[in-house]
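Chemist: Numbering (our numbering), first residue to last: 10 to 292. Dumping the structure here so I can ask a few things about it.
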Amino acid sequence: MKVIDRFEVMRELPGAFSSEVQLIRDCDNGVEYVLKRTPGEPFNDFHHEKLFYSYLKEIGVPYLKIYTSPLCEPDQFILEYLKDSYSLGERESNNLYFVLGKYLRRLHHEEYDDSYRFVDGKKNLLSWNDFIDETKTYLNYKYQKYQVEKTLSLKYLRLIDQVASVRPKYSRIHGDMHSNNALVNNNDLYLFDPSSFLIVGDYRYDICRVLFSLPGVYLGNVEKGENDSALWDSFRTGYGLGETYFDDDFKNMLILTCVENITNPFTQYAPALLDKVLEIDTL
Ligand SMILES: Nc1ncnc2c1ncn2[C@@H]1O[C@H](COP(=O)(O)OP(=O)(O)O)[C@@H](O)[C@H]1O
Ligand SMILES: [Mg+2]
10 MKVIDRFEVM
20 RELPGAFSSE
30 VQLIRDCDNG
40 VEYVLKRTPG
50 EPFNDFHHEK
60 LFYSYLKEIG
70 VPYLKIYTSP
80 LCEPDQFILE
90 YLKDSYSLGE
100 RESNNLYFVL
110 GKYLRRLHHE
120 EYDDSYRFVD
130 GKKNLLSWND
140 FIDETKTYLN
150 YKYQKYQVEK
160 TLSLKYLRLI
170 DQVASVRPKY
180 SRIHGDMHSN
190 NALVNNNDLY
200 LFDPSSFLIV
210 GDYRYDICRV
220 LFSLPGVYLG
230 NVEKGENDSA
240 LWDSFRTGYG
250 LGETYFDDDF
260 KNMLILTCVE
270 NITNPFTQYA
280 PALLDKVLEI
290 DTL
């Protein structure tokens, strides 16, 4: 018997990018769940997602319940379904960004000596230099796939070399903290869909991904509105990020975030933002 023998597939859930996400219904009792399949991912998504929710539980932050079933294929798992929820990106507010800051701060509160991920259930350490090398290999592949012009791709890869100089500060992280990976349900915020690449990494990676979601902070009212600066201020207040956060390491982490998202179809402002970030010394 497979998942689809016990559960009825109701529909695909919109918004999935790298995964296949379906709403399913238990034929025995009518309860709805989310069935997620992450094909072709090099690392163990289920393990990271499970660990991530256990971290959230530990620190008193809302989390999704996650299940495996012998009916699941190795690349499938089942999540609690948050009915009538919407993503943070769909309905942004100062209050929700404040809450996002508060929750991320709790996730980041404990410093770690090393960065790591889990592969086939085993902890794999990842040094900063290996992370940089891996990022370059991955970006090289992506730039070829999306046919990024040679001179530009070389410029981006050289910038990653510059990021190697960062002195990493590790904690548990989400690793893909954009505004569609937080669901709003009953006025609370559920962080979900963490990275399958890292479970402990540099926490500025998360902060910069949030900032990158708010391009108006640097580019003005280009993409979607002039309130990005207010949302960012709310996030910073919730996180407790003071006025002096923007140092060389932070700038390099922000450069890394831009460069990683150059081929992201949802963030076409990435090259313009990168150029702006390269120009500035402080906010
Ligand atoms: N547990 C859930 N409850 C409600 N909606 C969900 C749930 N999980 C995923 N979704 C919806 O499916 C979309 C894609 O899920 P996600 O896990 O982010 O996939 P991807 O890895 O492709 O980004 C989300 O943006 C959200 O709208
Ligand atoms: Mg997602």
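Note that beta-carbon positions come from the ideal geometry of N, C-alpha and C, so glycine has one too.
(1) If you scan the region 174-247 from start to end, which runs of the alpha helix (DSSP H) of 4 or more residues do you find wholly inside it?
(2) Just to confirm, are I182 and G210 a CB contact at a threshold of 8 Å?
(3) Could you check whether the Cβ of D202 sits closer than 7 Å to any heavy atom belonging to ligand 2?
(4) With a threshold of 8 Å on Cβ separation, who are the neighbours of E41 within its own chain once the five nearest residues in sequence on each side are excluded?
(5) Is A25 a contact residue of ligand 1, with contact defined as CB to any heavy atom under 7 Å?
(6) Just tell me which of I289, C81, Y248, N270 has its CA closest to the CA of H294.
(7) Is any heavy atom in ligand 2 found nearer than 7 Å to the beta carbon of N189?
(8) How is the beta strand (DSSP E) around L250 delimited, first residue to last?
(9) Between which two residues does the alpha helix (DSSP H) holding Q171 run?
(10) Which residues mark the beginning and the end of the beta strand (DSSP E) in which Q31 is found?
(11) Just curious, the beta strand (DSSP E) that N103 is in, first and last residue?
(12) Going by Cα to Cα distance, which pick from L65, T272, Y227, E58 is closest to L198?
(13) Measure the CB-CB distance between L116 and F244 and report whether it falls below 8 Å.
(14) Since Y150 is in the alpha helix (DSSP H), which residue starts that stretch and which ends it?
(15) Got a sec? Which residues, its chain only, sit under 8 Å from L22 by beta carbon, not counting five neighbours each side?
Modeler: If we stick to the structure as given:
(1) 213-221, 225-228
(2) yes
(3) yes
(4) M19, L32, I33, R34, D35, Y90, K92
(5) yes
(6) A question about residue 294 goes unanswered here, because the residues of the chain that appear run from 10 up to 292.
(7) yes
(8) Taken as a continuous stretch (DSSP letters only), L250 belongs to no beta strand (DSSP E), as it is neither H nor E.
(9) 159-172
(10) 29-35
(11) Here N103 belongs to no beta strand (DSSP E); instead the alpha helix (DSSP H) covers 103-117.
(12) L65
(13) no
(14) 137-154
(15) V30, Q31, L32, V43
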